[in-house]
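One gets my numbering by counting positions in the sequence shown from 1 and adding 304 to each.
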Amino acid sequence: MARIAGVNLPTNKRVIIALQYIHGIGQKAASEIMKATNLPMERRVSQLTDAEVLQIREMIDRDFTVEGDLRREVAMNIKRLMDLGCYRGLRHRRGLPVRGQRTHTNARTRKGPAKAIAGKKK
Numbered sequence: 305m306a307r308i309a310g311v312n313l314p315t316n317k318r319v320i321i322a323l324q325y326i327h328g329i330g331q332k333a334a335s336e337i338m339k340a341t342n343l344p345m346e347r348r349v350s351q352l353t354d355a356e357v358l359q360i361r362e363m364i365d366r367d368f369t370v371e372g373d374l375r376r377e378v379a380m381n382i383k384r385l386m387d388l389g390c391y392r393g394l395r396h397r398r399g400l401p402v403r404g405q406r407t408h409t410n411a412r413t414r415k416g417p418a419k420a421i422a423g424k425k426k
C-alpha cells in the first residue's frame, strides 16, 4: 500500500485516480504528476515500485501544497476575512452563503434545517 502525504492510496485503483484521494490534488494535477514521472496512465497503485512511489512523493512535496498545510492555509484565509470584518467575512461568521447566492429561498445547506415561525393565535 502506497502512503503519500499522509494518505493511504487504494491499491486496486489506477494511480491517476488514487492520487486524487489526496486533498489538494485534482484531475489536472494528477495527470501532471503522471507525465512528469513518466508513468503510463494505465498503471495501478499495486504495480508501483518503491522508487516510483518515492519519485511521486518527492514531486508532491516539492511542487504542491496538500493535506494539512492546505487546510491550514484555507482556514487562515477565512479567519483573516472574518477578522477584517469585510462582507465575505461576515457571511462566513453568520454561516450564510458567501458567493452571492440567493437566501430568500434555498440556501438550506448553509442555513441548516428550517426553523418554524411562531404562528398567530386566533
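Even for Gly, the Cβ is constructed at its ideal location relative to N, Cα and C.
Treat the numbers as computed from the prediction; the structure is a model and nothing was measured.
query: Per the contact definition of three or more C-beta pairs closer than 8 Å, is the stretch 333-348 in contact with the stretch 381-400?; result: no
query: Going straight from the alpha carbon of residue 326 to that of residue 419, what length do you get?; result: 37 Å
query: Can you find the residues in the same chain that come closer than 6 Å, C-beta to C-beta, to residue 383, ignoring five residues on each side of it along the sequence?; result: none
query: So for residue 307, helix, strand or coil by DSSP?; result: strand
query: Between 368, 343 and 358, which lies nearest to residue 306 when the distance is taken from Cα to Cα?; result: 358
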